[in-house]
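Engineer: Please read through the structure below; I'll follow up with questions.
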Amino acid sequence: MSPGSWSPKMTAQGVLWILLAFLVWSKPGTASLPLVMDSVIQVLAELEQKAPVTEVSLTASARLLSAQDSGASNPLHHFLLETPSHKAAELDAHPLSPELQGLMKMVAQHEIRGGQEHGVVLAPDGSTVAVKPLLAGLEAGLQGRRVVNLPLDSQATPWDAEATPPGHRDASPEGTSADAGAASSDTEATLPNDKAKSPTTVDRILAVTLAADLGLTFLQPPQTQSLPGLGTEGCWDQLSDPQIFTLLDPKASMLTMAFLNGALDGALLGDYLSRIPEPRPPLSHLLSQYYGAGVAGDPGFRSNFRRQNGAALTSPSTLAQQVWGTLVLLQRLKPAHTQLQNVSQEQLAQVATYAAKEFTEAFLGCPAIHPRCRWEAAPYRGRPKPLQLPLGFLYVHHTYVPALPCTTFTGCSANMRSMQRFHQDTRGWNDIGYSFVVGSEGYVYEGRGWHWVGAHTLGHNSRGFGVAFVGNYTATLPTEAALRMVREVLPSCASRAGLLQPDYKLLGHRQLVATDCPGDALFGLLRTWPHFTETEN
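Shown next, in the form of structure tokens:
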């Protein structure tokens, strides 16, 4: 490779190949660095700084190629990410410090063992993110061309490590990339049914991030899911130096909240990379922005709002077509796949439809709720009293104190702990009073939650959920994102899960108790909302 052929694109892809190589070959290790997104970004930055373009590209390729069994274990990635498949020399050491190498071994594979989830890190916004689907989406986006033709049945070859990936698989012309709407054959496509034709293309980015795992998981027997939402949350052993992530449901499927976060982040960032012109930003900068203040200065394009952005990226029909197409591709690449043997096209289409619907409604359509352990809640004092679900009321509050909106995970978490201390130590209550608290940074915080009687609306606590906005809204209003969370997202998700009656009534705290809560400005707005009622009866 001549110096004249170097490019930022090749540098970024080379860095990713090195990281993906760790994901393929590394065995679980013990990390000395905290398992946080900033550590992953540090790996990227060190590779970008220390490895010249030629070294990154060639060494990374050698690392990737030397995994003889990588194609057999994941033929989909081998096919769609165009990883070369011939054997290469033994892995050579790359300029990563021992600490960073230890970190990458810890996040090498996404798996669940003994109720603990591995291959995940804590992001600055408080969410937990699986690294492998994130990196796969970045690599798919760097390749630019989105739409990939499926091999015909007669052309499909059982996949093994020595097979040569078919050439010229991209449906888009060389040098072009599909726009955001081209993530599938047609965003207006109808959902798959018994009369629909089998897909002939897949979107590279959606296939390697979301579609394959969605489809394969929903081919499994139904599994218990945490409600309201798709996927299971978990708790870190500590937030200052996270090392162990324990799932709240030890029987969780692989579609955990962390996996869905990582997969959606990979899809969103891959889509972004596929559309922007070269030179593309260094990946360490891109991830720093996405898990920080926002990509390219856009505060709406960051991890806090992944669900809203995901809903704009793909529709249920689009995703259903992609899930179906990806299952078809897997079936052709690996005919001996135990889950796909003797499964008809009609069955694949039905699974794809259901998987896309559940993901769209139960994940994208639900709020991101930080569990109690994420904001380091103190234990409940005494024994909580269960609610008789579904409830018929939603009571809206403002916290008043803290008076300012919280705009970061760190700030909102501190506010939650402060309110809990006040409610327990000064008020003498068993716990923080609210069912849920809404920040201004895109997240909802679990208080008493969906299943336990709160202490938010005296005389009415067992009849409805109490939801509070952080801040004093006597003269101002919460952000539109926070308002939409309480007006639409939270109640619709709760109704779908059977926790809140579909015809629920919404009231302000002041309608039931002698108080100014939730503030004049906010209460005036509440009176215009569809479920608002003047009286409880």
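Counting with mature numbering (1 follows the signal peptide of the UniProt record, and there is no 0), you get residues -31 to -1, 1 to 506 for the letters of the sequence shown. Glycine included, C-beta positions come from ideal geometry on N, C-alpha and C. Being a predicted model, the structure only gives us computed values, none of them experimental.
Would Thr215 and Gln78 be called neighbours here (beta carbons separated by less than 9 Å)?
Structural biologist: Along the sequence shown, one-based indexing puts residue 215 at 246. Along the sequence shown, one-based indexing puts residue 78 at 109. Result no, Cβ atoms of Thr215 and Gln78 do not sit closer than 9 Å.
Engineer: Verify whether the separation of the beta carbon atoms of Pro355 and His420 is less than 9 Å.
Structural biologist: As a position in the sequence shown, residue 355 is number 386, starting the count at 1. As a position in the sequence shown, residue 420 is number 451, starting the count at 1. Closer than 9 Å, so yes.
Engineer: Taking 9 Å as the threshold (C-beta atoms), are Arg173 and Gln112 in contact?
Structural biologist: On the sequence shown, residue 112 is found 143 positions in, with the first residue counted as 1. On the sequence shown, residue 173 is found 204 positions in, with the first residue counted as 1. Taking C-beta atoms as the reference points, Gln112 and Arg173 count as a pair closer than 9 Å.
Engineer: Across which residues does DSSP place Cys204 in a beta bridge pair?
Structural biologist: Residue mapping note: residue 204 aligns to position 235 of the sequence shown, counting from 1. Note: Cys204 sits in a beta bridge opposite Thr215.
Engineer: Which residue's Cα is closest to the Cα of Cys462: Pro447, Ile338 and Arg390?
Structural biologist: Counting from 1 along the sequence shown, the entry for residue 462 is found at position 493. Relative to Cys462, the option among Pro447, Ile338 and Arg390 whose CA is nearest is Ile338.
Engineer: Apart from the five residues on each side of it in sequence, which residues of its chain come closer than 6 Å, Cβ to Cβ, to Tyr412?
Structural biologist: Within the sequence shown, numbered from 1, the residue matching residue 412 stands at position 443. For Tyr412, where only same-chain residues beyond five positions count, the Cβ hits under 6 Å are Ala337 and His339.
Engineer: Since Ala232 and Pro102 are thought to touch, with beta carbons under 8 Å apart, how far apart are those beta carbons, to the nearest angstrom?
Structural biologist: To locate residue 232, count along the sequence shown from 1; it is residue 263. To locate residue 102, count along the sequence shown from 1; it is residue 133. At roughly 4 Å, the Cβ-Cβ gap stays under 8 Å, so Ala232 and Pro102 are in contact.
Engineer: In the structure shown, what three-state DSSP assignment does Ile401 receive?
Structural biologist: Position 432 of the sequence shown holds residue 401. In this structure, Ile401 counts as coil in the three-state DSSP scheme.
Engineer: Smallest Cα separation from Arg271: which of Gly261, Gly279 and Ala280?
Structural biologist: As a first step, residue 271 is located in the sequence shown; it is residue number 302 there, counting from the start. For Arg271, the closest alpha carbon among the candidates Gly261, Gly279 and Ala280 is that of Gly261.
Engineer: Compare the C-alpha of Ala176 against each of Val90, Met73, Val297 and Lys166 and name the closest.
Structural biologist: Here residue 176 refers to the residue found at position 207 of the sequence shown. For the residues Val90, Met73, Val297 and Lys166, the minimum Cα distance to Ala176 belongs to Val297.
Engineer: For Leu358, collect the residues of the same chain with a Cβ closer than 6 Å to its Cβ; drop the 5 residues on either side in sequence, then sort them by chain order.
Structural biologist: The residue labelled residue 358 in the question sits at position 389 within the sequence shown. Around Leu358: Leu468.
Engineer: Nearest to Lys19 by alpha carbon, out of Pro447, Ser66 and Gly269?
Structural biologist: Locating residue 19 in the sequence shown gives position 50, counting from the first residue. Per the Cα distances, Ser66.
Engineer: On a CA-only basis, which of His46, His47 and Glu68 is nearest Ser8? Give me that one, please.
Structural biologist: To locate residue 8, count along the sequence shown from 1; it is residue 39. Comparing Cα-Cα distances from Ser8 to each of His46, His47 and Glu68, the minimum goes to Glu68.
Engineer: Please state whether DSSP places Glu505 in a helix, a strand or coil.
Structural biologist: Translated into positions along the sequence shown, residue 505 becomes position 536. In the three-state scheme derived from DSSP, where H, G and I count as helix and E and B as strand, Glu505 is classed as coil.
Engineer: Could you please give the first and the last residue of the uninterrupted alpha helix (DSSP H) stretch that includes Gly235?
Structural biologist: Position 266 of the sequence shown, counting from 1, holds the residue named residue 235. Note, Gly235: alpha helix (DSSP H), Met226 to Arg244.
Engineer: Distance, Cα to Cα, Val90 vs Asp210?
Structural biologist: Position 121 of the sequence shown, counted from the start, is the residue given in the question as residue 90. Position 241 of the sequence shown, counted from the start, is the residue given in the question as residue 210. The alpha-carbon atoms of Val90 and Asp210 are separated by roughly 11 Å.
Engineer: Which residues in the same chain have their Cβ closer than 6 Å to the Cβ of Ala109, if we skip the five residues on either side of it in sequence?
Structural biologist: Working through the sequence shown from its first residue, we reach residue 109 at position 140. So the qualifying residues of the chain are Arg173, Ile174, Val177 and Gly239.
Engineer: From the DSSP output, in three-state form, read off Asn118 for me.
Structural biologist: Mapped onto the sequence shown, residue 118 falls at position 149. Here Asn118 sits in strand by DSSP.
Engineer: Does the structure place the region 449 to 463 close enough to the region 383 to 403 that three or more beta carbon pairs sit under 8 Å?
Structural biologist: no
Engineer: What did DSSP end up calling Ala99 once you bin it into helix, strand or coil?
Structural biologist: Position 130 of the sequence shown, counting from 1, holds the residue named residue 99. Residue state, collapsed to three classes: strand.
Engineer: Look at the alpha carbon of Ala99 and the alpha carbon of Ala331, and state the distance between them as a whole number of angstroms.
Structural biologist: Residue mapping note: residue 99 aligns to position 130 of the sequence shown, counting from 1. Residue mapping note: residue 331 aligns to position 362 of the sequence shown, counting from 1. One C-alpha to the other measures close to 19 Å.
Engineer: Kindly indicate which residue of Val439, Asp94, Lys220 and Leu224 has the alpha-carbon position closest to the one of Ala324.
Structural biologist: Walking along the sequence shown from the start, residue 324 turns up at place 355. Comparing Cα-Cα distances from Ala324 to each of Val439, Asp94, Lys220 and Leu224, the minimum goes to Leu224.
Engineer: Helix, strand or coil: which one does DSSP assign to Thr170?
Structural biologist: As a working mapping, residue 170 is identified with position 201 in the sequence shown. Strand.
Engineer: Gln85 bridges to which residues according to DSSP?
Structural biologist: Looking up residue 85 in the sequence shown gives position 116. Answer is Arg82 and Thr215.
Engineer: If we ignore side chains and look at the alpha-carbon of each, how far apart do residue 552 and Leu252 end up?
Structural biologist: Past the boundaries of the shown model lies residue 552; the chain is included only from -31 to 506, so the question cannot be answered.
Engineer: Let me know the secondary structure DSSP gives Gly144 once reduced to three states.
Structural biologist: What you label residue 144 is simply residue 175 of the sequence shown in a count that begins at 1. Here the model assigns Gly144 a pLDDT of 34, short of 50, so the residue's position is not dependable, and the following value carries that caveat. In the structure shown, Gly144 sits in coil (DSSP, three-state: anything other than H, G, I, E or B).
Engineer: For Ala105 and His46, which I take to be in contact (beta-carbon distance under 8 Å), what is that distance rounded to the nearest angstrom?
Structural biologist: Start at 1 with the first residue of the sequence shown, and residue 105 comes out as number 136. Start at 1 with the first residue of the sequence shown, and residue 46 comes out as number 77. Ala105 to His46, Cβ: 7 Å. Contact.
Engineer: Alpha carbon to alpha carbon, what distance is there between Asp206 and Gln212?
Structural biologist: In the sequence shown, the residue the question calls residue 212 occupies position 243. In the sequence shown, the residue the question calls residue 206 occupies position 237. C-alpha separation (whole angstroms): 7 Å.
Engineer: Measure the Cβ-Cβ separation of Leu288 and Phe328 and say whether it is below 9 Å.
Structural biologist: Position 319 of the sequence shown, counted from the first residue, corresponds to residue 288. Position 359 of the sequence shown, counted from the first residue, corresponds to residue 328. If you check the CB distance, Leu288 and Phe328 come in under 9 Å.
Engineer: Can you tell me which of the three DSSP states Glu410 falls into?
Structural biologist: The sequence position of residue 410 within the sequence shown is 441, counting from 1. In the displayed model, Glu410 falls within coil according to three-state DSSP, outside both helix and strand.
Engineer: Around the Cβ of Thr170, are there at least 16 other Cβ atoms within 10 angstroms (buried) or fewer (exposed)?
Structural biologist: Taking the sequence shown and counting its residues from 1, one reaches residue 170 at position 201. Result: buried.
Engineer: Just mark Thr295 as buried or exposed, buried being the case when its beta carbon has 16 or more other beta carbons within 10 Å.
Structural biologist: As a first step, residue 295 must be located in the sequence shown, where it is residue number 326. Classification for Thr295: buried.
Engineer: What residue does the alpha helix (DSSP H) around Ala437 start on, and which one ends it?
Structural biologist: Mapped onto the sequence shown, residue 437 falls at position 468. Looking at the DSSP string, Ala437 is not in any alpha helix (DSSP H); the run it does join, the beta strand (DSSP E), is Gly433 to Phe438.
Engineer: Using a Cβ-Cβ cutoff of less than 6 Å, which residues in the same chain neighbour Glu415 once the five nearest sequence positions on both sides are dropped?
Structural biologist: Taking the first residue of the sequence shown as 1, we reach residue 415 at position 446. Once the five neighbours on either side are set aside, the close Cβ partners of Glu415 are Ile338, Pro340 and Arg341.
Engineer: Would you mind sorting Arg350 into buried or exposed? The rule is 16 or more other CB atoms within 10 Å of its CB.
Structural biologist: Here the question's residue 350 lines up with position 381 in the sequence shown. That one is exposed.
Engineer: Find out if the Cβ-Cβ distance for the pair Leu495, Val365 is shorter than 9 Å.
Structural biologist: The sequence position of residue 495 within the sequence shown is 526, counting from 1. The sequence position of residue 365 within the sequence shown is 396, counting from 1. It is a contact, given that the beta carbons lie within the stated cut-off.
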